[in-house]
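One structure is given below, encoded as structure tokens.
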Amino acid sequence: MSGASVTGRICSWVEGNLDKDFTLEEMSEELNYSKFYMERVFKENTGTTIYRYVQGRRLEEAARKLAETKRPVVEIALETGYGSQQAFARAFRCVYGCTPREYRRSFVPGQNRISMLLRGNRAGTFLCRGGLAA
């Protein structure tokens, strides 16, 4: 099986298990690959680690839920695999440059881009659904 096929299987498995707490050992057992093989092939094909990919996908899902629902932040944090609202807020801020609450307040439904003021007069633009913080 090619590296791209293995990577595709890993990504598909992650997508189906984003809402669950899992380890690389559990993933490797279910996919029938060694943990080290999966990590090496995934990194070669994506340029990132499985852990970072999972974290990024969970944060994308959380950002989508923050923008599209009025559910409590703590509920979204727990649903997306974070053990606490504080851990979720730290990870979210690292990626999006703002807290989950600030992100939610800045979102305007129906737009693909949201703009918000970050500390002082520095403006940041965030792309919804898979975009990068600028």
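According to the working numbering, the sequence shown is numbered sequentially starting from 6.
Ideal placement from N, C-alpha and C gives every residue a C-beta, glycine not left out.
Selected residue, minimal CA-CA separation from residue i, among the options
i      : options                         : result
Met78  : Asp26, Arg109, Ser7 and Lys25   : As written in the sequence, residue 78 is Val, which differs from the Met given in the question. It is Arg109.
Lys40  : Asp24, Thr51 and Thr28          : Thr28
Phe93  : Ser111, Gly61, Thr74 and Phe112 : Gly61
Val19  : Ser33, Cys99, Gly8 and Ser7     : Ser33
Asn50  : Leu36, Gly13 and Val59          : Gly13
Val100 : Thr74, Glu65 and Thr53          : Glu65
Thr74  : Gly88, Thr54, Gly102 and Arg106 : Arg106
Thr54  : Gly102, Ile15 and Arg95         : Ile15
Ala59  : Ser17, Gly102, Met6 and Cys103  : Note on residue identity: the sequence assigns Val, not Ala, to residue 59. Val59 has its Cα closest to that of Ser17, out of Ser17, Gly102, Met6 and Cys103.
Under 9 Å between C-beta atoms of residue i and residue j
i     : j     : result
Val11 : Tyr56 : no
Gly86 : Arg69 : no
Gly8  : Val46 : yes
Segment limits, alpha helix (DSSP H) that includes residue i
i      : result
Pro105 : Pro105 to Ser111
Phe41  : Lys40 to Thr51
Tyr87  : That residue, Tyr87, is in no alpha helix (DSSP H); it is neither H nor E in DSSP.
Gly61  : Ile55 to Glu73
Arg14  : Gly8 to Asn22
is_contact[residue i, chain C] using C-beta, thresh 9 Å
i     : result
Tyr58 : Among the chains of the structure shown, chain C does not appear; only one protein chain is present.
Whole-number beta carbon distance between residue j and residue i, since they are thought to touch under 8 Å
i     : j     : result
Phe97 : Ala67 : 7 Å
Asp24 : Glu84 : 6 Å
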